[in-house]
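*Asks:* Add 563 to the 1-based position in the sequence shown for this note's numbering, that's all there is to it.
Below is a structure I'd like to ask you about.
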Amino acid sequence: MDTRTMVLYPFLLGVASHLGWFMHGEHHKLTLRYFQALLGLPPLALMLLIFRAWPFSTALMSTFRFTNAYLTGLYGSPPLAKYSELWHVWTATQRTRNFEDIDDLHAKYGDFVRIGPSELSVIHPDSMELVHGPNSKCTKAEWYDNSPGLTSLHQTRSKKLHDRRRRTWARGFSAQALRNYEPRVDVYTDSLVKQVEAHSGQPLDVSRWFNYYSFDVMGDLAYGKSFSMLETGKSHWAIDVLNGGVAHVGTIGQSTWLTRLFAQMPIITRDFQRFLVFCEDMINERAKQEKELPDIATWILQSPKMENSGYSEQGWLTGDSRLIIVAGSDTTASTLTYLFYHLAEDPERVKKLRHEVDALDGDFSSIALEKLEYLNGLINETLRLHPPVPSGVPRKTPPEGMQIGSTFVPGGVTVKIPYYTIQRDNRNFEHALEFIPERWCDTSIKDQNHSAYAPFSRGPYSCIGKQLALMEIRAVTARMMSKLDVSFGPGEDGSNLVNETHDCFTLHLAPLNLKFEDRK
């Protein structure tokens, strides 16, 4: 067989498999089977590499070029991104600051950047509403199928199942439910303030203490007991295991195939599996208890059976219990940390905040605090510049495709809107890189595209715990600033927090050492 034929046959086979199989439907759930099949081919592959290396390689590259031609040229892209998701995995691994890497790509290539064979990152000013808005036809992408055997409100890709489950969750986050939770949240807010006061005049790593606070609150509301981290001043082993187990989400998680493959390898997911077992044990223990006042778990445990969902009831319970802890803690901790960074940065902000808080005459109820315009402006501006999920979440375009501005995006393409970049775009917010809380409460500030602001996402998949997180953030900020002055600790300027925090889907915060003293 001559060389030309040796190149032609594998090339045609590669194109045929792509056009006839891999381009149609979703195949990520078969990753393990494909991998096992691949392991069964070494003798053949070795023979080809030894005796026909050049024709085989030529055919392989020709197939890559042909099968990726349908998106090539339509969007700017790093050269390797169009061929494999592994490019994105590699770049994310270098610094684990994917949100900055994506920001740099948009600065170079514009509003539409191809970051994978069939994945785009988009920051067009209209894109947030079109992709995430209530009328969007986009669906959750394959990335959400990353935990074989369990699912949750966050992970389920079926809109029908999501709507059913969300109705259950909504009862646990209603206005009445939040009022019932408030006294329990206040206990931990008071405990946090006392711990800060006990360290008066000393550098205090607020990244760590706000993390303790948020996890203790969610432990109480999810399982009926806290992790006791505020009390002990030490991290709970399960939280340490969680942080270690999800660190790969910001790196390996850039590839749906790798995520699915690694999720089925116990040696890699050992720590994360320990955390899942912990969640399962805790929610099962909570199910045996009778609570006088309902908590979030009350509604989850009373939810109707998710029949014909493809998952067991235990799979739903374990997934949802994990979701309560992780989603309910990360937003609160990261927002409080960055908010206090900006307060320490400028005493005038503290002065303006106190003017509002002092007028309440000691009324720190959620009803009173939610009316404070400058406090809400501080929170909104913090979330704009430092969104808890900075790189965004993946959506899949409808089969017919969609128009974003003057650009058409084909159907079946994964689209991500990086919150970090779009919320720092001068087309959406004037002086977008500056921290200006007044932009949220001063009607004289015009030309703002608030539809591009979505730190809690938008539409039917928006964060259901948003109001609880805001209640906690308002309470901590108001109570602490009513009693304490804040400044940077010795040798601290916040640059470590800004430059060394890692993107692991949610933010893994670097230390921030602040000094608190009695209010003068």
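We treat Cβ as the ideally placed atom computed from N, Cα and C, and that holds for glycine.
Alpha carbon to alpha carbon, what distance is there between glutamate 760 and lysine 1078?
*Replies:* If you number the sequence shown from 1, residue 1078 lands on position 515. If you number the sequence shown from 1, residue 760 lands on position 197. Going from the Cα of lysine 1078 to the Cα of glutamate 760 covers about 10 Å.
*Asks:* Buried or exposed for arginine 742, please, with buried defined as at least 16 other CB atoms from any protein chain shown within 10 angstroms of its CB.
*Replies:* Along the sequence shown, read from residue 1 onward, the residue named residue 742 stands at position 179. With fewer than 16 Cβ atoms within 10 Å of its Cβ, arginine 742 is classed as exposed.
*Asks:* DSSP state of glycine 1057, grouped into three classes?
*Replies:* What you label residue 1057 is simply residue 494 of the sequence shown in a count that begins at 1. Note: glycine 1057 maps to coil in three-state DSSP.
*Asks:* Do isoleucine 999 and glutamate 944 have their C-beta atoms within less than 8 Å of each other?
*Replies:* Sequence index remark: in the sequence shown, residue 999 carries index 436 (1-based). Sequence index remark: in the sequence shown, residue 944 carries index 381 (1-based). Yes, Cβ-Cβ distance for isoleucine 999 and glutamate 944 is below 8 Å.
*Asks:* On a CA-only basis, which of Met792, Arg1042, Asp844 is nearest aspartate 753? Give me that one, please.
*Replies:* One-based indexing of the sequence shown puts residue 753 at position 190. Checked all of Met792, Arg1042, Asp844; the closest Cα to aspartate 753 is Arg1042.
*Asks:* Can you list, in chain order, the residues of its chain whose CB lies under 8 Å from that of tryptophan 1003, leaving out five sequence neighbours each side?
*Replies:* Here the question's residue 1003 lines up with position 440 in the sequence shown. Correct list, in chain order: Glu936, Asn939, Gly940, Asn943, Glu944.
*Asks:* For valine 694 and valine 748, what's the separation of their Cα atoms in angstroms?
*Replies:* If you number the sequence shown from 1, residue 694 lands on position 131. If you number the sequence shown from 1, residue 748 lands on position 185. Whole-angstrom Cα-Cα distance: 34 Å.
*Asks:* If you follow the beta strand (DSSP E) that aspartate 768 is in, where does it begin and where does it stop?
*Replies:* Counting from 1 along the sequence shown, the entry for residue 768 is found at position 205. Run containing aspartate 768: 766-768, per the beta strand (DSSP E) assignment.
*Asks:* Using the Cα positions of serine 1084 and serine 892, report the straight-line distance between them to the nearest angstrom.
*Replies:* A question about residue 1084 goes unanswered here, because the residues of the chain that appear run from 564 up to 1083.
*Asks:* With distance defined between alpha-carbon atoms, name the residue in Ile815, Gly1028, Leu916 nearest to proline 1018.
*Replies:* Here the question's residue 1018 lines up with position 455 in the sequence shown. Here the closest residue by C-alpha is Gly1028.
*Asks:* What residues in its chain sit with their C-beta under 6 Å from that of glutamate 1055, if we drop five residues either side in the sequence?
*Replies:* As a first step, residue 1055 is located in the sequence shown; it is residue number 492 there, counting from the start. The residues are Asn1076.
*Asks:* For histidine 762, which residues from the same chain have a beta carbon less than 6 Å from its beta carbon, with the 5 sequence-adjacent residues on both sides left out?
*Replies:* The residue labelled residue 762 in the question sits at position 199 within the sequence shown. Around histidine 762: no qualifying Cβ.
*Asks:* What is the rounded straight-line gap between the Cα of aspartate 726 and the Cα of glutamate 908?
*Replies:* Along the sequence shown, one-based indexing puts residue 726 at 163. Along the sequence shown, one-based indexing puts residue 908 at 345. The straight-line gap from Cα to Cα measures roughly 43 Å.
*Asks:* Is the segment 1001-1015 close to the segment 890-906, with three or more CB pairs under 8 Å?
*Replies:* The segment 1001-1015 vs the segment 890-906: no contact.
*Asks:* Answer with buried or exposed for glycine 712, where buried requires no fewer than 16 other C-beta atoms within 10 angstroms of its C-beta.
*Replies:* As a first step, residue 712 must be located in the sequence shown, where it is residue number 149. Glycine 712 should be labelled exposed.
*Asks:* What's the C-alpha gap between lysine 851 and glycine 782?
*Replies:* The sequence position of residue 851 within the sequence shown is 288, counting from 1. The sequence position of residue 782 within the sequence shown is 219, counting from 1. Each residue's alpha carbon lies about 16 Å from the other.
*Asks:* Please classify arginine 660 as buried or exposed, where buried requires at least 16 neighbouring CB atoms within 10 angstroms.
*Replies:* By one-based count along the sequence shown, residue 660 stands at place 97. The residue in question, arginine 660, is buried, as its Cβ has 16 or more Cβ neighbours within 10 Å.
*Asks:* Runs of 4 residues minimum, wholly inside the segment 866-917: which ones carry the alpha helix (DSSP H) assignment?
*Replies:* Entirely contained in the segment 866-917, the alpha helix (DSSP H) runs reaching 4 residues are, in chain order, 876-908.
*Asks:* Have a look at aspartate 1066 and histidine 669 and give me their C-alpha separation to the nearest angstrom.
*Replies:* In the sequence shown, the residue the question calls residue 1066 occupies position 503. In the sequence shown, the residue the question calls residue 669 occupies position 106. Approximately 18 Å, taken between the alpha carbons.
*Asks:* Following the continuous alpha helix (DSSP H) through aspartate 726, name the residue where it begins and the one where it ends.
*Replies:* Residue 726 sits at position 163 when you count from the first residue of the sequence shown. Taken as a continuous stretch (DSSP letters only), the alpha helix (DSSP H) holding aspartate 726 covers 722-735.
*Asks:* Suppose contacts are defined by Cβ-Cβ distances below 8 Å. Is threonine 719 in contact with arginine 958 by that definition?
*Replies:* Start at 1 with the first residue of the sequence shown, and residue 719 comes out as number 156. Start at 1 with the first residue of the sequence shown, and residue 958 comes out as number 395. No; because the gap between Cβ atoms is not below 8 Å, this pair is not in contact.
*Asks:* Do glutamate 919 and arginine 1037 come within 8 Å of each other at the CB atom, strictly closer than that value?
*Replies:* Locating residue 1037 in the sequence shown gives position 474, counting from the first residue. Locating residue 919 in the sequence shown gives position 356, counting from the first residue. Not a contact, by the Cβ cut-off of 8 Å.
*Asks:* When DSSP labels each residue in this structure, what does proline 957 get in the three-state scheme?
*Replies:* Taking the first residue of the sequence shown as position 1, residue 957 is located at position 394. DSSP places proline 957 in strand when its eight states are reduced to three.
*Asks:* What does the alpha-carbon distance come out to for the pair aspartate 924 and arginine 917?
*Replies:* Against the sequence shown, residue 924 aligns to sequence position 361. Against the sequence shown, residue 917 aligns to sequence position 354. Near 11 Å, if we compare the C-alpha coordinates of arginine 917 and aspartate 924.
*Asks:* Which of helix, strand or coil does DSSP assign to arginine 677?
*Replies:* Numbered from its first residue, the sequence shown carries residue 677 at position 114. Residue state, collapsed to three classes: strand.
*Asks:* Nearest by alpha-carbon distance to serine 721: which of Leu996, Val1049, Asn871 is it?
*Replies:* Taking the first residue of the sequence shown as 1, we reach residue 721 at position 158. Nearest option by C-alpha distance: Asn871.
*Asks:* What three-state label does DSSP hand glutamine 1030 in the structure shown?
*Replies:* Position 467 of the sequence shown, counted from the first residue, corresponds to residue 1030. The answer is helix: DSSP assigns glutamine 1030 an H, G or I state.
*Asks:* May I ask which residues mark the beginning and end of the beta strand (DSSP E) holding serine 684?
*Replies:* For the purposes of this step, residue 684 is taken as residue 121 along the sequence shown, with counting starting at 1. Segment 682-685, the beta strand (DSSP E) holding serine 684.
*Asks:* Pull the bridge partners of threonine 970 from the DSSP assignment, please.
*Replies:* Locating residue 970 in the sequence shown gives position 407, counting from the first residue. Partner(s): Ile967.
*Asks:* Please classify glutamate 648 as buried or exposed, where buried requires at least 16 other C-beta atoms within 10 Å of its C-beta.
*Replies:* Counting from 1 along the sequence shown, the entry for residue 648 is found at position 85. Answer is buried; the Cβ neighbour count reaches 16.
*Asks:* Let me know if arginine 912 comes out buried or exposed under the rule of 16 or more other beta-carbons within 10 Å of its beta-carbon.
*Replies:* Your numbering for residue 912 matches position 349 in the sequence shown. Its Cβ being crowded by 16 or more others within 10 Å, arginine 912 is buried.
*Asks:* What does the alpha-carbon distance come out to for the pair tyrosine 707 and glutamate 963?
*Replies:* Walking along the sequence shown from the start, residue 707 turns up at place 144. Walking along the sequence shown from the start, residue 963 turns up at place 400. When rounded, the distance between both Cα atoms is 22 Å.
*Asks:* Sorted by chain position, which residues of the same chain lie with C-beta nearer than 6 Å to threonine 654's C-beta, five sequence neighbours on each side aside?
*Replies:* One-based indexing of the sequence shown puts residue 654 at position 91. The answer, listed in chain order, is Asp664.
*Asks:* Suppose the cutoff is 6 Å on Cβ atoms and the five residues either side in sequence are ignored; what does the same chain contact list for phenylalanine 992 look like?
*Replies:* Numbered from its first residue, the sequence shown carries residue 992 at position 429. Excluding residues within five positions, the ones whose Cβ falls inside 6 Å are Gln1011.
*Asks:* Taking threonine 984 as the reference, give the member of Val652, Leu643, Ser690 with the closest Cα.
*Replies:* Taking the first residue of the sequence shown as position 1, residue 984 is located at position 421. Looking at the Cα atoms, Ser690 is the closest of the given residues.
*Asks:* Counting only the same chain and skipping the five closest in sequence on each side, list residues whose C-beta sits under 8 Å from that of arginine 681.
*Replies:* Position 118 of the sequence shown, counted from the start, is the residue given in the question as residue 681. The identity of residue 681 in the sequence shown is serine, whereas the question assumes arginine. Cβ neighbours of serine 681 beyond the five flanking positions: Leu634, Gly975, Val976, Thr977.
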